[in-house]
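In what follows, a structure is listed as structure tokens, so that the remarks can point back to it.
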Amino acid sequence: TLACNRLKKTIDDDDKLLLANSDGRRDNDFQRHVRKALLVTQAEANKVEEALYKLCETFEALSMDKDLPKQRKLDDAIRETEVLLGRTQETISNLMKLQVDIEQAAKQEAAETEPQNAKLAPIPIPKFKGDIWEWDTFWTSFNYNVHSKNIDEYCKLHYLLEALQGEALQLAKQFEISGSTYKLVLAHLKEKYGDEQALVDCLLRRLQSTESRSSSFDDQMTLCEQLRSIVSQLKLKKEHIDNTFLQKQLLAKFSVDIQRHILREKTRNEGMEWNTMKMLTTAREFIKEELQITQQTEFGKHNHERTENLHSEAPKAVRKQLQPCFYCRKVGHIPKNCEEFSTYSQRVQIMDTRKLCRNCGVDDHIASKCPRGNCRVCGIHGHHTSICKKMFESPEPMSQPRESKQVQKTVAKSTPPPSKPLTRANTVLSNQPANNHLHPDTILCTQENSKTMILAGQAQVLNPTTGRLEPIFVMLDTGADRSFITNELANRLQLSDVNSKRLTINTFGPTAPITETCGITVLKMWDAAGQPHNFNDCGLYLQSSAT
């Protein structure tokens with residue numbers, strides 16, 4: 001009786017559920033209720049059948065066949081139970097039919113919705129790959145074109161997935177593709193890429209890494225515009241930009257000329273307001289003015305083409321200086337003057353070990369098939385000038401410093417008349433080991449009793465910053481095999497060192513020698529007639545001051 005009562009209540013609930021289907025409900029909750037009701041009804045019907053079976057077995061075991069009242073009572077219970085089970089089967093059939101109808105309707109709705117999603121109206125939305133720098137621009141456009149529109153969230157999610165790429169797309173695909181997850185995906189993206197502090201950190205990193213490619217005014221203008229854009233965005237993010245530390249960092253990124261101009265303007269405007277944006281504006285105005293001056297003072301077309309041709313010429317001597325020596329594999333000297341491998345046996349051994357051509361030093365052929373010219377010392381083909389035996393037959397000239405000493409000694413002992421000038425030898429010694437076969441170099445000058453007469457001249461050099469030839473004054477010492485320039489001139493002409501050497505220098509004024517490490521570079525000059533002249537014997541020794 002208890003099982004039958006539970007089954008009756010279940011069937012009544014099922015009838016209510018079937019009546020609720022009359023309004024055509026097809027949502028997920030209703031489909032879930034139908035599946036649950038079907039399972040519960042089947043389970044209760046099975047329990048009633050089991051209880052009826054046990055009741056019949058118990059009645060037969062007690063031999064109550066002759067007890068007519070109890071027999072009638074049992075028969076009535078069996079009939080009522082069979083009627084109830086018949087009603088139950090009808091209800092189960094209706095529930096199963098309703099479940100099939102709901103599933104078919106859901107499939108049909110999905111089939112109708114899929115073409116609509118495939119043909120979404122095109123909306124101009126920028127792509128977002130996961131760069132935090134681009135999130136604000138992406139979200140502003142997406143919010144205006146999609147998020148704020150009155151359309152289904154399922155369509156909004158599809159528009160969002162179409163706009164995402166890379167890391168951001170992989171992040172969104174972790175969620176179920178349905179209208180109910182649209183807000184979850186959007187909130188997750190905002191949390192990851194909408195962090196204001198992360199954007200500020202990105203701006204600060206860009207500020208630290210921004211540098212100019214060169215000191216030219218064009219590159220300096222590009223640098224200034226980049227710094228202005230970053231600082232402006234930091235200001236919009238409510239960051240404090242008007243501090244001394246930031247201003248010093250920005251100032252150090254410019255060239256020396258621009259730094260000097262900014263500092264002068266700051267001193268002139270000491271009583272007025274001075275901030276970071278004012279400093280960058282000052283730098284931009286100065287660069288803009290210098291660019292205008294450069295454009296207005298350019299050479300004519302003929303002179304400009306001539307300068308370009310002179311600048312583009314690569315002198316053979318310079319190319320030789322830049323080519324590495326095939327003995328020590330260093331630049332700055334030719335193989336004949338290699339000091340690291342200075343003996344005949346050392347050089348021949350290097351050539352044999354590396355399988356180099358003895359005539360030109362290349363490794364792709366032998367000397368008998370070498371197309372290059374003859375030795376410059378003996379004129380015989382088959383060996384390089386650097387290993388010519390005639391170079392090693394005569395002893396190295398060590399008499400030059402002795403001659404210098406003799407000149408000095410003679411001058412010290414003799415008493416010349418006042419009208420004749422005295423000659424003094426200024427000796428430049430290279431502080432290198434003795435086994436390198438290096439020899440002192442002598443620079444001669446002429447000195448009178450009270451004045452020093454020095455032969456000087458004027459030449460022109462090409463300034464790579466302005467692209468123009470500018471005049472410089474040179475001291476012409478015909479007895480010296482070293483030429484000297486100042487570091488200031490080398491920096492202005494952007495000359496780079498090809499080598500360096502430790503020298504002991506006797507200057508004109510002081511009697512005590514100076515020991516200094518000088519850089520070696522190469523300089524090309526033009527005379528008044530426009531003819532180029534190269535210093536390529538031993539390079540130029542850079543000096544901090546003219547001596």
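Position 123 of the sequence shown, counting from 1, maps to 123 under full-length UniProt numbering, and the rest follow consecutively. Glycine included, every Cβ here is placed at the ideal spot set by N, Cα and C. Given the structure is predicted, the values throughout are model-derived calculations rather than measurements.
Original post:
Should residue 154 be flagged as near chain D, meaning a C-beta pair shorter than 8 Å?
Top reply: The structure shown contains no chain D; it holds only a single protein chain.
**OP:** Could you say if the region 177-193 and the region 220-239 meet the contact criterion of at least three C-beta pairs nearer than 8 Å?
**Re:** Touching, no.
Original post:
What number of angstroms, rounded off, separates the C-alpha of residue 234 from the C-alpha of residue 240?
Top reply: Near 8 Å, if we compare the C-alpha coordinates of residue 240 and residue 234.
Subject >> 4 or more residues per run - each alpha helix (DSSP H) lying fully within the region 125-156 >> reply: Segments of the alpha helix (DSSP H) lying fully in the region 125-156: 135-142.
Subject >> Beta bridge counterpart(s) of residue 458 as assigned by DSSP >> reply: Answer by DSSP bridge pairing, in chain order: 473.
Original post:
DSSP on residue 339, reduced to helix/strand/coil?
Top reply: The answer is coil: DSSP assigns residue 339 none of H, G, I, E or B.
Subject >> Span separating the alpha-carbon of residue 265 from that of residue 205 >> reply: If you take the alpha carbons of residue 265 and residue 205, they lie about 29 Å apart.
**OP:** Would you please state the rounded distance, in angstroms, between the beta carbons of residue 58 and residue 88? I believe it to be under 8 Å.
**Re:** Contact between residue 58 and residue 88 is absent: CB atoms are separated by about 23 Å, not below the 8 Å threshold.
Original post:
Buried or exposed: which applies to residue 549, given that a residue is buried once 16 or more other Cβ atoms fall within 10 Å of its Cβ?
Top reply: Nothing in the structure corresponds to residue 549, since the chain is present only between 1 and 547.
Subject >> Bridge partners - residue 468, DSSP secondary structure assignment >> reply: BP columns for residue 468 point to 463.
**OP:** Measuring alpha carbon to alpha carbon, tell me which of 378, 385, 368 and 90 ends up nearest residue 342.
**Re:** Among 378, 385, 368 and 90, the Cα nearest to that of residue 342 belongs to 385.
**OP:** Pick out whichever of 268, 262, 373 and 270 has its Cα sitting closest to the Cα of residue 287.
**Re:** Among 268, 262, 373 and 270, the Cα nearest to that of residue 287 is on 262.
**OP:** Taking residue 496 and residue 517 to be in contact with their CB atoms under 8 Å, please state how far apart those CB atoms are, rounded to whole angstroms.
**Re:** By a beta-carbon distance limit of 8 Å, residue 496 does not contact residue 517. Their separation comes to about 16 Å.
Original post:
Ordered along the chain, which non-local residues of its own chain (more than five positions away) have a Cβ less than 6 Å from that of residue 165?
Top reply: Cβ within range, chain order: 127 and 129.
Subject >> Unbroken stretches of the alpha helix (DSSP H), 4 residues or longer, contained in the region 171-232 >> reply: Fully enclosed alpha helix (DSSP H) runs of 4 or longer: 182-193 and 196-209.
Subject >> Whole-angstrom distance between residue 98 and residue 198, CA atom to CA atom >> reply: Here the alpha carbon of residue 198 sits roughly 54 Å from the alpha carbon of residue 98.
Original post:
Taking C-alpha atoms, which residue in 352, 223 and 525 lies nearest to residue 250?
Top reply: Here the closest residue by C-alpha is 223.
**OP:** Buried or exposed for residue 95, please, with buried defined as at least 16 other CB atoms from any protein chain shown within 10 angstroms of its CB.
**Re:** Burial call: buried.
Subject >> Simplified DSSP assignment, three categories, for residue 15 >> reply: Correct three-state label for residue 15: helix.
Subject >> CB-CB length for residue 369 against residue 377, believed under 8 Å >> reply: Contact flag wrong, Cβ pair sits at about 22 Å.
Original post:
Three-state secondary structure (DSSP) at residue 345?
Top reply: Helix.
Subject >> Within 8 Å, strictly: CB atoms of residue 472 and residue 490 >> reply: Contact: no.
**OP:** Reducing DSSP to helix, strand and coil, say where residue 276 ends up.
**Re:** Three-state DSSP puts residue 276 in a helix.
Original post:
What does DSSP give as the partner residues of residue 501 in its beta bridges?
Top reply: DSSP output for residue 501 lists 518 as bridge partner(s).
Original post:
At what residues does the beta strand (DSSP E) containing residue 484 begin and finish?
Top reply: From DSSP, the beta strand (DSSP E) with residue 484 extends over 483-486.
Original post:
What whole-angstrom Cβ distance do residue 3 and residue 47 have, given they're in contact under 8 Å?
Top reply: The C-beta distance from residue 3 to residue 47 rounds to 5 Å, short enough to fall under 8 Å.
Subject >> Residue range of the alpha helix (DSSP H) that includes residue 238 >> reply: Taken as a continuous stretch (DSSP letters only), residue 238 belongs to no alpha helix (DSSP H), as it is neither H nor E.
Original post:
What are the boundary residues of the alpha helix (DSSP H) that includes residue 369?
Top reply: For residue 369, no alpha helix (DSSP H) run applies, since DSSP gives it neither H nor E.
**OP:** Give the DSSP bridge partners of residue 532, in chain order.
**Re:** Beta-bridge annotation (DSSP): residue 532 is paired with 526.
**OP:** Report yes if the CB atom of residue 503 is closer than 8 Å to the CB atom of residue 464, and no otherwise.
**Re:** Not in contact: residue 503 and residue 464 (Cβ atoms no closer than 8 Å).
**OP:** Quick one: using the 10 Å Cβ neighbour count with 16 as the cut-off for buried, is residue 245 buried or exposed?
**Re:** Here residue 245 is exposed. Its C-beta has fewer than 16 other C-beta atoms within 10 Å.
Subject >> Bridge-paired residues (DSSP) for residue 164 >> reply: Per DSSP, 128.
**OP:** Tell me whether the beta-carbon of residue 381 lies closer than 8 Å to the beta-carbon of residue 374.
**Re:** It is a contact, given that the beta carbons lie within the stated cut-off.
**OP:** Could you pull the start and end residues of the alpha helix (DSSP H) that residue 270 belongs to?
**Re:** Run containing residue 270: none; DSSP gives neither H nor E here.
Original post:
Going by alpha carbons, who is nearest to residue 269 out of 212, 282 and 258?
Top reply: The shortest Cα separation from residue 269 among 212, 282 and 258 belongs to 282.
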